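Undergrad:
2 protein chains.
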Amino acid sequence: MTTKRPTIDDVARLSGVARVTVSRVLNGGPNVRDEVRARVMQAVETLAYKVNPQARSLAGGASRLLAFVFASDPENEPNSYYESALELGALRACLALGYQVLVQNVPQQTPDHQKRILDLITTQRCEGLILSPPYSDDVALIEAALAQGCKVVTVSPGGPGRGKADGVGVDDEAGGYDMTRELLRLGHRRFGFIAGLEGHLSADRRLQGFRRALGEQGLGEGDCVVLRGDFTFRSGTRLAPELLDHPLKPTALVCANDDMAAGVLSAAHARGLSIPQDLSITGFDDAPVAGIVWPPLTTVHQPVKVLGQRAVELLVARLTGVNVSDAAIFDELEHAVVTRQTTTAPHL
Amino acid sequence: MTTKRPTIDDVARLSGVARVTVSRVLNGGPNVRDEVRARVMQAVETLAYKVNPQARSLAGGASRLLAFVFASDPENEPNSYYESALELGALRACLALGYQVLVQNVPQQTPDHQKRILDLITTQRCEGLILSPPYSDDVALIEAALAQGCKVVTVSPGGPGRGKADGVGVDDEAGGYDMTRELLRLGHRRFGFIAGLEGHLSADRRLQGFRRALGEQGLGEGDCVVLRGDFTFRSGTRLAPELLDHPLKPTALVCANDDMAAGVLSAAHARGLSIPQDLSITGFDDAPVAGIVWPPLTTVHQPVKVLGQRAVELLVARLTGVNVSDAAIFDELEHAVVTRQTTTAPHL
DNA sequence: CTGAAAGCGCTAACAT
DNA sequence: ATGTTAGCGCTTTCAG
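As given, the protein sequences belong to chains V and E, one line each in that order.
If you're matching positions, the first sequence starts at 1 in full-length UniProt numbering and goes up one per residue.
If you're matching positions, the second sequence starts at 1 in full-length UniProt numbering and goes up one per residue.
1) Applying the 10 Å Cβ sphere with the 16-neighbour rule, what's the burial state of Arg19/V?
2) Identify, in the order they occur along the chain, each residue of the same chain with its Cβ nearer than 7 angstroms to the Cβ of Arg212/V, setting aside the five sequence neighbours on each side.
3) Run the CB neighbour count on Asp112/E, radius 10 Å, all protein chains shown included, and call it buried at 16 or more, exposed below.
4) Sort out for me which residues DSSP pairs Leu65/V with in a bridge.
5) By alpha-carbon positions, which one of Leu146/E, Gly175/E and Gly29/E ends up nearest to Gly161/E?
6) Are the region 46 to 66 of chain V and the region 87 to 105 of chain V touching by the rule of at least three beta carbon pairs closer than 8 angstroms?
7) Can you tell which of Gly222/V, Val337/V and Cys150/V has the C-alpha that lies nearest to the C-alpha of Leu315/V?
8) Check the Cβ of Leu102/V against every Cβ in chain E and list those closer than 7 angstroms, keeping chain order.
9) Cα-Cα, which of His200/V, Val152/V, Pro250/V and Asp326/V is closest to Glu313/V?
10) Under 8 angstroms, Cβ to Cβ, is there at least one residue of chain E near Asn105/V?
11) Residue range of the alpha helix (DSSP H) that Arg185/E falls in?
12) Measure the C-alpha to C-alpha separation of Leu14/V and Asp119/E and round it to an integer number of angstroms.
13) Taking Val338/E as the reference, which of Pro303/E, Ala55/E, Glu198/E and Ala43/E has the closest Cα?
14) Between Ser235/V and chain E, is there a C-beta pair that is closer than 8 angstroms?
15) Is Phe284/V helix, strand or coil by DSSP?
16) Could you check which residue in Glu35/V, Glu143/V and Ile117/V has the C-alpha nearest to that of Val69/V?
17) Looking at the unbroken beta strand (DSSP E) that takes in Lys151/E, where does it start and where does it end?
18) Going by beta-carbon coordinates alone, are Leu253/E and Ser235/E separated by less than 8 angstroms?
19) Relative to the alpha-carbon of Asp223/E, which residue among Gly192/E, Glu242/E, His200/E and Thr237/E has its alpha-carbon at the smallest distance?
20) Which residues of the region 269 to 289 of chain V have a Cβ closer than 9 angstroms to any Cβ of chain E? Give them in chain order.
21) Please confirm whether Arg19/E has its beta-carbon closer than 8 angstroms to some beta-carbon of chain V.
22) Using DSSP with H/G/I as helix, E/B as strand and the rest coil, what is Asp10/V?
23) Would Asp285/E and Thr298/E be called neighbours here (beta carbons separated by less than 8 angstroms)?
24) Does any residue of chain E bring its CB to less than 8 angstroms from the CB of Pro53/V?
25) So, are the CB atoms of Pro250/E and Ile275/E less than 8 angstroms apart?
26) Checking the sheet assignment: what are the DSSP bridge partners for Ile194/E?
27) Note down, in chain order, each residue of its chain lying with its Cβ closer than 8 angstroms to the Cβ of Ala90/V, except the 5 sequence neighbours on either side.
28) Determine the direct distance from the alpha carbon of Gly272/V to that of Val226/V, and round the result to whole angstroms.
29) Residues of chain V with CB under 9 angstroms from Ser23/E, in chain order?
30) CA-CA distance, Glu45/E and Lys4/E?
31) Ile130/V versus chain E: which residues are under 7 angstroms apart at the beta carbon?
32) Counting contacts by CB-CB distance shorter than 8 angstroms, is Ser266/E in contact with chain V?
33) Got a sec: is the Cβ-Cβ distance from Lys50/E to anything in chain V below 8 angstroms?
34) Rounded to whole angstroms, what's the CA-CA distance from Leu265/E to Val289/E? Just pull it up for me.
35) On the criterion of 16 or more Cβ atoms from any shown chain inside 10 Å, does Arg33/V qualify as buried, or is it exposed?
36) Please tell me whether residue 369/E has its Cβ less than 8 angstroms away from any Cβ of chain V.
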């Protein structure tokens, strides 16, 4: 019952032109009279013709295929908001622009992760690659992809990734700074910070912003305790005792993402602590979890879905030559501190 | 710098056989001497040859492309655990089996959603289609896809979808029943139930199980209040007042998923209620949110990631003819009540 | 501005 | 058990 779909030749025949002309019309090529163009479009319409992307790609045309790669290990992090929101945004933009995305999950500890990613783009003829952290800072990977003629957009590159390829992201350093400033304004002077997974440079910039804010008030290493988690809720609960029992007795805790903040929050509840009276806690991302925990989490909002969308748009702009500028462009989106109910003045 | 990749002819030349023979080896075809097979594989190895899927597909071979369609509206439900876990499972199985998935988000209110899905599979030459709820019960869609020669696997079909195509899922009716039995055992006699979005038949089976358990104890419509949400946390908070102020004064609330349960929990906190002393609350799915809220949620576990994985495996079994049976098979996975801290005996 | 010819890399028939 | 012959549907030269 596999109904035979009309081919470009059917369209050519119906509109009384050569196959090439149809191809030109379809690809927005120049040198076609408006009258002919209209006639062809008409035929396309009546036949409900759709190009065969495989044939197009094989013939040397565009594959209109993009790859989206993310690193989170599904075992530990079964439902990272960050990645799924990114993907959703990318999917939506693709729909509008006529592209398809191949999603690939490559846990970072995969021994040959670089090879796996490069294999995907060459084998499947992907024209563009969207790299989420920490791959967005893997310069070797970026350059290898670029060398193969695959355009690259990085999401939240932390530093090394910038300049090598187009990118999107928020100012993570400023986000960490702003959040910490708010806590300082409330009167906090003893802090905790839970950082994310090593090598996630954009997340580390949040820590840098935190330190800058502290430094401005004359506070330093002796006034804060910095621990490192892995972005998961569980790592928040795991790290909580070390933080809560620390001799410094921090009154405020800044976390590199919402899940870890939620983990600490939960551990604090389990101990019978009152949040925010006993400890102010803040997150980062403004993921759904921030509104779900009790009390709702004060955090730094970043427009993750839009990030995914912009990533695709930047890629397509490069691919279609809309973006003439030779230099890598970085699209910095706005972040915002969202004050909810896990922050208050320190109890003295 | 786009390095020219070796083609099947290069492999044929190097191994001193005809192109067809290489093709046979690559596709596990019969009638090839072991010696020749080995020689070809050797050449494939040394050349690092990879088939060009576009060419293969165009020539009438397999596209090895699957489509995964989900309905949730990203505006309302920015991060449905259910769908992303399904996708993750599918992705992992595809990696192992050499398939690719095209993910498509088609909100159900899309006017021409059926056309959109069918267009995807014909245009992209997808060989298989994974339908998540509520599309898993869209018989017209399933039959249309099947008629195009595209194999279909439904995830959690509620009834109509069963039998039309292979499927995977848990026994939702039994899940609802088991959860409710547990509450009855604790002594509850006045219940609330928050159902999911209309048309999600598998979720409605949870309600049926709930009713069956009540019926067995001689309880009926007069002993419970049933409301309908849309699976989101927000719908849980929205519905909470109606439930909490209901004259029946339910002592236990069964929800069709975890997010809605979390929403009610949050609303209950905001009112100063103690959970579970003032109200027992249960969810369904055992999503991460169940472990994140306070107190952690009693719920029905279902292995969503495995569901996604099994869906791909069933599809590939059909495609490769491993599955000879002509009848549609339904792979029912285990569910389990997970008792955490939102349930206790009613306060009398 | 339009068309004719050639071929992308592969598989399906049909030989042998 | 292996090879020969034809395309799949499209885009690229290169001619007019």
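Backbone N, C-alpha and C define an ideal beta-carbon position, used for all residues, glycine too.
Since this is a predicted model, take the numbers as computed values, not measurements.
TA: In terms of the structure at hand:
1) Here residue 19/V is taken as the residue at index 19 of the first sequence, counted from 1. Classification for Arg19/V: exposed.
2) Working through the first sequence from its first residue, we reach residue 212/V at position 212. Excluding positions up to five away in sequence, the list reads Tyr177.
3) Start at 1 with the first residue of the second sequence, and residue 112/E comes out as number 112. Asp112/E comes out exposed.
4) Translated into the one-based positions of the first sequence, residue 65/V becomes position 65. Partner(s): Gln100/V.
5) Here residue 161/E refers to the residue found at position 161 when the second sequence is read from its first residue. Of the candidates Leu146/E, Gly175/E and Gly29/E, the one whose C-alpha sits nearest the C-alpha of Gly161/E is Leu146/E.
6) yes
7) Here residue 315/V is taken as the residue at index 315 of the first sequence, counted from 1. The residue with the shortest Cα to Cα distance from Leu315/V is Cys150/V.
8) Here residue 102/V is taken as the residue at index 102 of the first sequence, counted from 1. By Cβ distance, chain E contributes Gln100.
9) On the first sequence, position 313 is the one that residue 313/V refers to. For the residues His200/V, Val152/V, Pro250/V and Asp326/V, the minimum Cα distance to Glu313/V belongs to Val152/V.
10) Taking the first residue of the first sequence as position 1, residue 105/V is located at position 105. Yes, its Cβ sits closer than 8 angstroms to a Cβ of chain E.
11) Working through the second sequence from its first residue, we reach residue 185/E at position 185. Residues Asp172 to Arg185.
12) The residue given as residue 14/V occupies position 14 in the first sequence. The residue given as residue 119/E occupies position 119 in the second sequence. Using only the alpha carbons, I get a separation of about 22 angstroms.
13) Against the second sequence, residue 338/E aligns to sequence position 338. Ranking the options by Cα distance to Val338/E, first place goes to Pro303/E.
14) For this step, residue 235/V is matched to residue 235 along the first sequence. Not closer than 8 angstroms to any Cβ of chain E, the Cβ of Ser235/V fails to qualify, so no.
15) Along the first sequence, read from residue 1 onward, the residue named residue 284/V stands at position 284. In the structure shown, Phe284/V sits in coil (DSSP, three-state: anything other than H, G, I, E or B).
16) As a position in the first sequence, residue 69/V is number 69, starting the count at 1. With distances taken between Cα atoms, Val69/V lies closest to Ile117/V.
17) The sequence position of residue 151/E within the second sequence is 151, counting from 1. Looking at the DSSP string, the run of the beta strand (DSSP E) that includes Lys151/E is Lys151 to Val155.
18) Here the question's residue 253/E lines up with position 253 in the second sequence. Here the question's residue 235/E lines up with position 235 in the second sequence. Their beta carbons are not under 8 angstroms apart, which means Leu253/E does not touch Ser235/E by this criterion.
19) Position 223 of the second sequence, counting from 1, holds the residue named residue 223/E. The shortest Cα separation from Asp223/E among Gly192/E, Glu242/E, His200/E and Thr237/E belongs to Gly192/E.
20) His269, Ala270, Ala287, Pro288 and Val289
21) Along the second sequence, one-based indexing puts residue 19/E at 19. False, the Cβ-Cβ gap to chain V never drops below 8 angstroms.
22) Within the first sequence, residue 10/V is the residue found at index 10, counting from 1. Looking at Asp10/V - three-state DSSP - the assignment turns out to be helix.
23) On the second sequence, residue 285/E is found 285 positions in, with the first residue counted as 1. On the second sequence, residue 298/E is found 298 positions in, with the first residue counted as 1. Not a contact, by the Cβ cut-off of 8 angstroms.
24) For the purposes of this step, residue 53/V is taken as the residue at position 53 of the first sequence. Judged by the 8 angstroms Cβ criterion, Pro53/V is in contact with chain E.
25) Position 250 of the second sequence, counting from 1, holds the residue named residue 250/E. Position 275 of the second sequence, counting from 1, holds the residue named residue 275/E. No. Outside cutoff.
26) As a working note, residue 194/E is residue 194 in the second sequence. According to DSSP, Ile194/E bridges with Leu227/E and Cys255/E.
27) As a first step, residue 90/V must be located in the first sequence, where it is residue number 90. Cβ neighbours of Ala90/V beyond the five flanking positions: Leu66, Phe68, Val101, Ile130, Gly308, Gln309, Ala311 and Val312.
28) Taking the first sequence and counting its residues from 1, the one referred to as residue 226/V is at position 226. Taking the first sequence and counting its residues from 1, the one referred to as residue 272/V is at position 272. C-alpha separation (whole angstroms): 23 angstroms.
29) Taking the second sequence and counting its residues from 1, the one referred to as residue 23/E is at position 23. The contacting residues do not exist; Ser23/E stays about 16 angstroms from chain V at best.
30) On the second sequence, residue 45/E is found 45 positions in, with the first residue counted as 1. On the second sequence, residue 4/E is found 4 positions in, with the first residue counted as 1. So the two alpha carbons sit approximately 17 angstroms from each other.
31) Position 130 of the first sequence, counted from the start, is the residue given in the question as residue 130/V. The premise fails here: Ile130/V is roughly 14 angstroms from chain E at the closest Cβ pair, so nothing lies under 7 angstroms.
32) Indexing the second sequence from 1 puts residue 266/E at position 266. Yes, because at least one Cβ of chain V sits closer than 8 angstroms to the Cβ of Ser266/E.
33) By 1-based counting over the second sequence, the position of residue 50/E is 50. Yes - at least one Cβ of chain V is within 8 angstroms of the one on Lys50/E.
34) Here residue 265/E refers to the residue found at position 265 when the second sequence is read from its first residue. Here residue 289/E refers to the residue found at position 289 when the second sequence is read from its first residue. Rounded to whole angstroms, Leu265/E to Val289/E spans 12 angstroms at the Cα level.
35) Start at 1 with the first residue of the first sequence, and residue 33/V comes out as number 33. By the 10 Å Cβ count, Arg33/V comes out exposed.
36) The requested residue 369/E is not part of the displayed model; chain E covers only 1 to 348.
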